[in-house]
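Protein chains in written order, with the numbering used here: chain W, 2 to 309; chain L, 30 to 345; chain G, 58 to 584. We put the CB at the ideal spot given by N, CA and C, even for glycine. Single-structure report; data block below.
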Amino acid sequence: MRRLAATIPVLGMVALFVFLMLRMTPGDPAAVLAGDNGTPQQIAEIRETLGLDEPILVQLGIWFGDLLQGDLGQSYFFKKDVTELILLRVEPTVALAITTLVITVLVAVPIGVIAAYRHGTWLDRCVMGFSVFGFSVPVFVVGYILIYLFAMQFKMFPVQGYKELADGFWPFIHRLILPSITLSVIYIALIARITRASVLEVLGEDYIRTAYAKGLPNRVVLLRHALRNAAVPIVTVIGIGVALLISGVVVTESVYNIPGLGRLTVDAVLGRDYPTIQAVILVFSGVYVLINLLIDLTYSFLDPRIRY
Amino acid sequence: MSDLSELRQQTAGLVDAAASADAAARKLSIWQRLARNQSVVIGGAVMAVMLLVAIMAPFLGTMDPAEINPAWRNKVPGTELTDTAADGSQGWVYRMGTDTLGRDTYSRVIYGTRVSLIVGLSVAGLSIAIGLVVGLISGYVRWLDGIIMRVMDGLMAIPGILLAIALVSLSSAGLDTVILAITIPEVPRVVRLVRSIVLSIREEPYVEAAISVGTRLPLLLIRHVLPNTVAPLIVMGTYIVASAILVEAILSFLGVGIPPEIPTWGNIMAEGRLLFRIFPHNILFPGLFLAVTVLAVNMLGDGLRDTLDPRLEKRM
Amino acid sequence: MRPNLPIGLAAGAALVAGAVMSAPASADQTLRVVMHSDLKIVDPIWTTAYMSRNYGYMVYDTLFAMDANTDVHPQMVESYEVSADKLTYTFTLRPGLAWHDGSPVTSADVIPSIQRWGSKDSMGQKLMEFVADMQAVDDRTFTMVLKEPYGLVTMSLAKPSSNVPFIMPASVAATPSSEQISEYIGSGPFVFDVENWKPGDTVLFTRNDNYQPRSETPSWASGGKVVKVEAVEWLSVKDHQTAVNSLIEGEIDYIESPPNDLLPLLEGDENVALKVINPLGAQFMFRLNHLHPPFDNVKIRRAALASINQKDFMQATIGDPAYYKECAAMFICGSALATDAGADIVLKSDFELSKKLLKEAGYDGTPIVIMQSTDVNVLNNLGPVAKANLEKGGFVTDLQAMDWQTLVARRAKREHPSEGGWNVFMTSWTAADILNPIMAAGFNAGCDAAWFGWPCDEEMEALRDAFARETDAAKQKEIAEQIQIRAMEVVTHAHGGQWYRPVAYRSDRLDGVLDGPVSYFWNITKK
């Protein structure tokens with residue numbers, strides 16, 4: 002509970018930052034709204050209707066007041082509540098994040114364990130090489146190469162787009178595979194590395210030797226003892242990695258044209274849609290804080306010695 | 030993506046803890062240990078080459094990277110310029126082709142090395158300088174600590190890339206803005222590291238002794254605390270360099286990077302991506318330089334960390 | 058739990074069956090289109106954004122419309138009469154016009170619609186200066202009484218591009234023009250499916266089955282708007298490469314604005330057709346700020362004019378000569394008012410002349426702040442070319458890159474360039490927006506009332522006023538010629554060349570794609 006309460010001032014700081022940042026930078030939503038051929042008079046009129054001519058402190062007061070009542074405001078462009086816009090975009094982003102996590106765990110943990118088990122062999126070196134490489138190639142380059150190969154040359158996947166789960170599972174997952182692989186490259190690099198390291202550490206412990214001495218097969222030792230004890234650091238990294246995932250989502254969604262929160266953010270920033278930018282950043286930060294809180298709680302589940 | 034530098038740092042040390050422990054046991058001098066670490070040697074060598082390329086850019090057979098030539102746009106690598114070049118020479122060959130304005134991609138990639146390294150190094154330098162000062166203050170001035178750490182927690186909670194996108198695209202695009210925008214999300218992590226070092230050192234008997242004999246605060250900081258931060262900050266700085274170069278490329282990709290007039294690997298790729306299928310050279314060459322450099326910096330970071338400070342992750 | 062199971066199953070099965078039954082039909086007859094941008098604002102009067110205009114053509118209808126020869130034809134209007142003194146226009150609406158909710162379109166809807174548009178649009182404002190009164194005679198007839206004869210009444214009501222005088226229901230049209238409308242009912246050939254609108258992603262229009270099209274063959278927005286598909290879906294795809302790939306793969310049917318550099322990919326595909334539907338194309342505009350040095354000096358403006366040339370701009374942005382044309386006519390080559398008079402200086406760079414003029418004017422090397430947009434594909438390369446040519450002509454320049462939205466905000470600032478203002482920017486206009494000196498914003502030289510750049514010239518304003526009052530086409534053309542000459546003398550702006558961008562569509566599936574300054578989605582059939 003104390004930890005939960007501690008998140009409130011953090012989110013308050015985030016809100017304040019974002020608000021000040023937007024108001025202190027140039028760029029005028031009114032000019033954007035008026036259109037490419039809008040006249041100076043039209044722009045002045047729009048500024049007035051949006052309340053942008055009020056003093057900054059008054060604008061801040063109004064926004065904070067609404068925020069406390071759970072009202073994120075209305076988009077300048079779509080004339081819709083930001084909450085509604087965000088809800089429309091949640092499914093694709095969550096779906097992308099989950100499939101990415103699934104792919105990552107399915108790939109990274111086994112190769113990490115194998116690398117640890119075959120410590121020092123060429124297999125281990127390959128895994129380690131990949132893990133550094135995965136960190137060094139920008140997400141969009143990976144995306145383009147995958148599209149070029151698997152969508153255009155081999156025609157295995159659609160080039161772009163997103164289908165809702167409601168439209169059927171196959172079309173849904175079919176369109177998610179390439180983006181998820183793209184996004185998971187960097188993540189696999191990270192988790193494979195940490196898995197290998199944690200398992201390696203655990204393999205040196207006495208009770209593992211005992212387990213081997215008892216004549217338990219490799220498979221059982223690795224899975225039941227080593228991996229289980231390596232779980233804490235792995236989970237930690239998945240938690241911190243959420244921020245990384247959010248960054249990756251922004252880029253991946255624009256490469257594959259997925260109508261998720263990442264693209265909403267970029268569009269809102271480029272269009273100076275202040276209420277939407279404020280809300281989306283707030284939501285992302287909230288999710289980040291919340292997930293890290295959950296991760297902390299998971300520790301005490303995985304390792305009863307840790308308590309909060 | 031600034032989160033990247035943190036993650037790299039957290040995970041790197043775990044990898045070859047065993048190897049570094051061996052090295053430490055041999056009690057060699059720091060330089061000898063560094064020279065024995067493969068990662069440091071390879072990463073350092075590649076970085077040295079890149080630095081040379083950056084410094085020597087004008088002498089590597091380049092032309093003005095901003096020189097446009099609309100009649101020679103979108104040419105494949107190896108195309109020979111049959112007109113007279115801007116500097117009056119004949120028979121110029123576009124080694125890496127040209128971009129949509131007819132600029133020489135080879136020259137842009139070579140000059141881009143300069144800018145990308147400037148971005149990487151400046152971000153590392155700035156965030157460490159700011160983080161060091163704020164971290165020291167936070168660790169020593171107790172009444173300020175609470176406030177500073179709340180602000181830092183707030184900054185940390187905003188995903189770095191979103192913060193950078195917002196900062197750059199909302200203010201005017203320029204080299205300085207981009208550097209600043211990538212720096213800001215990095216700062217809190219440095220602050221946390223420095224603060225934790227300060228807090229742990231405060232408890233050391235020799236520091237308590239120094240306090241009790243009335244050593245003044247600035248002297249205390251300089252004599253006892255700063256030296257202890259050097260190794261971890263060098264390691265962290267290396268990772269920040271790598272992540273800053275990548276973040277710059279991503280900002281450019283999203284259209285909020287350094288103005289296209291100034292070539293960086295990121296914006297060469299950003300401009301080239303529209304024509305990726307027809308003219309992949311504008312993505313492949315800068316992409317190669319970028320990947321190799323970041324790889325080298327990361328290896329250097331891993332190596333430095335194993336050698337200098339194997340227990341770093343415990344402090345984070 | 059168990060007793061409920063069969064019911065749940067049955068309901069599930071029904072849902073599935075329903076989905077299966079409706080899916081194939083809509084899948085076949087839905088036109089999937091990638092437009093040039095997102096639809097953001099659903100009020101085509103409130104903003105001049107082209108996406109809102111395109112939305113307007115789907116949902117609303119117009120009184121008059123222009124055809125491919127830029128001649129004006131009645132659209133919602135059945136017939137009209139002009140009194141002998143040219144002061145009273147009497148319009149009669151076609152029978153059977155209805156809003157999407159079934160109620161009839163009446164004169165009481167039309168008048169406030171014209172008024173709302175007339176308070177916002179530049180050509181509408183000019184029209185309103187002449188209008189003394191508008192009165193409904195009966196449900197289908199209304200009159201417009203002028204203070205003095207005006208030559209552009211029906212031309213204004215047929216204005217093809219932003220802001221288009223769309224007719225809206227009276228209650229909607231009563232919204233002040235400073236506020237956005239919040240209803241989506243029109244009388245046009247498509248119905249906006251607001252329930253399924255996902256802002257920033259998809260916009261869905263369904264066929265308006267009650268729409269009564271005219272019997273004439275369609276030409277631009279005139280003639281019969283017969284919808285031959287069940288629905289049109291606008292998809293927002295940010296990445297052009299992705300859009301082109303999806304067209305080749307058949308995931309979409311139509312791209313409104315594929316970048317010229319990507320056309321080679323499509324040219325090689327036998328299932329894809331490229332068609333220039335807008336034969337007049339578009340024109341680049343080089344705009345100078347008259348408020349601040351050095352461009353407050355006409356000689357230095359002339360020097361800039363001498364430095365630039367159309368070919369460099371178009372080579373660097375369009376590339377393929379099949380899609381651009383060097384053209385001295387400011388009112389668009391191929392249009393009624395096209396003339397070369399006084400304006401061929403933009404065809405060739407004359408750096409010596411520029412340097413000479415700069416010397417005479419005593420140019421002190423003040424850097425010219427050029428704003429370069431970096432995220433609107435066709436505009437990206439204009440800035441660097443302008444910089445290169447101005448520098449060769451003796452100018453010192455400061456090229457500042459920014460995204461288009463920042464540019465749009467900054468061009469509205471009157472401050473000195475060193476305090477957030479600017480000297481030069483470049484943009485592009487659809488030909489349909491600049492066919493005469495009243496609709497083309499660039500010619501307005503009314504100082505503070507002028508478009509960004511704020512040129513100030515009484516002679517120009519007098520000429521434009523004379524043009525508006527003139528009702529004889531031949532004399533109008535003479536005045537337009539003088540306006541063009543004057544525009545070049547005082548350098549309100551320069552024309553950076555005429556260019557064309559085809560639409561790309563699946564020729565194996567679509568038929569009947571119409572020409573026009575806007576992509577119209579009636580008349581298209583899908584196999």
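Limits of the beta strand (DSSP E) - the one that residue i falls within
| i | result |
| --- | --- |
| Ala479(G) | The amino acid at residue 479(G) is misidentified as Ala; the sequence shows Trp. Careful: Trp479(G) lies outside any beta strand (DSSP E) and carries neither H nor E. |
| Asp455(G) | 454-459 |
| His550(G) | 550-556 |
| Tyr562(G) | 560-563 |
| Phe370(G) | Element bounds for Phe370(G): not the beta strand (DSSP E) but the alpha helix (DSSP H), 367-374. |
| Arg471(G) | No beta strand (DSSP E) holds Arg471(G); DSSP gives it neither H nor E. |
| Met342(G) | 339-345 |
| Tyr146(G) | 145-150 |
Length of the line joining the Cα atoms of residue i and residue j
| i | j | result |
| --- | --- | --- |
| Val284(W) | Val250(W) | 14 Å |
| Gln367(G) | Leu404(G) | 6 Å |
| Asn103(L) | Asp85(G) | 39 Å |
| Gly65(G) | Leu166(W) | Unreliable placement is indicated for Gly65(G), whose pLDDT of 37 sits below 50; the coordinate value is still reported in the next sentence. So the two alpha carbons sit approximately 20 Å from each other. |
| Leu294(W) | Ala6(W) | 11 Å |
| Glu300(L) | Ile209(W) | 54 Å |
| Val116(G) | Glu49(W) | 29 Å |
| Gly160(L) | Val103(W) | 36 Å |
| Ala31(W) | Ile47(W) | 6 Å |
| Asp455(G) | Glu448(G) | 10 Å |
| Ala109(W) | Val221(W) | 19 Å |
| Arg306(L) | Met125(L) | 16 Å |
| Ala231(G) | Ile581(G) | 34 Å |
| Asn66(L) | Ser272(L) | 22 Å |
| Val186(W) | Ile178(W) | 12 Å |
| Thr336(L) | Arg231(L) | 25 Å |
| Glu85(W) | Gln75(W) | 9 Å |
| Ser547(G) | His347(G) | Correcting the residue type first, residue 547(G) is Val in the shown sequence and not Ser. Straight-line Cα distance between these residues: approximately 10 Å. |
| Asp196(G) | Thr149(G) | 9 Å |
| Phe388(G) | Asp397(G) | 10 Å |
DSSP bridge partner residues for residue i (one or two, in chain order)
| i | result |
| --- | --- |
| Gly503(G) | Cys513(G) |
| His130(G) | Ala122(G) |
| Val329(G) | Arg563(G) |
| Val248(G) | Thr263(G) |
Start and end residues, alpha helix (DSSP H) containing residue i
| i | result |
| --- | --- |
| Gln172(G) | 164-175 |
| Leu362(G) | 355-364 |
| Leu250(L) | Where Leu250(L) is concerned, there is no enclosing alpha helix (DSSP H), given that its DSSP letter is neither H nor E. |
Residues, ordered as in the chain, of the stretch 280-296 of chain L that lie near chain G by beta-carbon distance below 8 Å
Cβ contacts with chain G: Gly284, Val285, Pro288, Pro289, Glu290.
What residues from the stretch 108-136 of chain W come within 8 Å of chain L, judged by C-beta to C-beta, listed N to C?
Only those residues of the stretch 108-136 of chain W whose C-beta falls short of 8 Å from the nearest C-beta of chain L are listed: Met129, Val133, Phe134, Phe136.
For the stretch 218-239 of chain G, enumerate the residues whose C-beta is nearer than 7 Å to any C-beta of chain W, in chain order.
If the cut-off is 7 Å between Cβ atoms, the stretch 218-239 of chain G has Ser219, Ser235, Glu236, Gln237, Ser239 near chain W.
Please go through the stretch 224-263 of chain W and give each complete alpha helix (DSSP H) segment of 4 or more residues, from N-terminal end onward.
Considered as a whole, the stretch 224-263 of chain W harbours 229-257 as its complete alpha helix (DSSP H) runs of no fewer than 4 residues, in chain order.
Looking at chain L, which residues of the stretch 289-310 of chain G have a Cβ within less than 9 Å of any of its Cβ atoms?
Only those residues of the stretch 289-310 of chain G whose C-beta falls short of 9 Å from the nearest C-beta of chain L are listed: Asp296, His297, Gln298, Val301, Asn302.
At a Cβ cut of 8 Å, what residues of the stretch 426-448 of chain G count as close to chain L, listed as they run along the chain?
Taking 8 Å as the Cβ-Cβ cut-off against chain L, the residues of the stretch 426-448 of chain G that qualify are Gln429, Thr431, Asp432, Asn434, Asn437, Asn438, Pro441, Val442, Ala445.
If contact means a Cβ-Cβ distance below 8 Å, which residues of the stretch 139-154 of chain W contact chain L?
Within the stretch 139-154 of chain W, the residues whose Cβ lies closer than 8 Å to some Cβ of chain L are Pro139, Val140, Phe141, Val142, Tyr145, Tyr149, Met153, listed in chain order.
Within the stretch 391-428 of chain G, note down every full alpha helix (DSSP H) run reaching 4 residues or more, in order along the chain.
For the stretch 391-428 of chain G, whole alpha helix (DSSP H) runs of length 4 or above, ordered along the chain, are 408-418.
Entirely within the stretch 177-242 of chain G and at least 4 residues each: give me those alpha helix (DSSP H) ranges in chain order.
For the alpha helix (DSSP H) assignment, the uninterrupted runs of no fewer than 4 residues enclosed by the stretch 177-242 of chain G are, from N- to C-terminal side, 179-187, 210-214, 227-230.
Give the residues from the stretch 240-259 of chain W that approach chain L closer than 8 Å (Cβ to any Cβ), ordered along the chain.
Within the stretch 240-259 of chain W, the qualifying residues are Ile241, Gly242, Ala244, Leu245, Ile247, Ser248, Val251, Val252, Ser255.
Uninterrupted alpha helix (DSSP H) stretches inside the stretch 215-248 of chain L (no shorter than 4 residues):
With a minimum length of 4 residues, the continuous alpha helix (DSSP H) runs that stay inside the stretch 215-248 of chain L are 234-241.
Return the chain-ordered ranges of every beta strand (DSSP E) run that is complete within the stretch 99-142 of chain L and spans a minimum of 3 residues.
You should have found no qualifying run.
Every unbroken alpha helix (DSSP H) within the stretch 167-198 of chain L, with a cutoff of 4 residues, ordered by chain
Counting whole runs of 4 or more residues, the stretch 167-198 of chain L contains the alpha helix (DSSP H) stretches 171-186.
Only counting runs of 4 or more residues, tell me where the alpha helix (DSSP H) segments fall wholly within the stretch 135-195 of chain W, in order along the chain.
Counting only runs of 4+ residues, the alpha helix (DSSP H) found wholly inside the stretch 135-195 of chain W occupies 140-147, in chain order.
Listed from N- to C-terminal order along the chain, which residues in the stretch 309-330 of chain G have their beta-carbon within a distance smaller than 8 Å of any beta-carbon of chain L?
Taking 8 Å as the Cβ-Cβ cut-off, the stretch 309-330 of chain G approaches chain L at Pro316, Asp318, Leu319, Pro321, Leu322, given in chain order.
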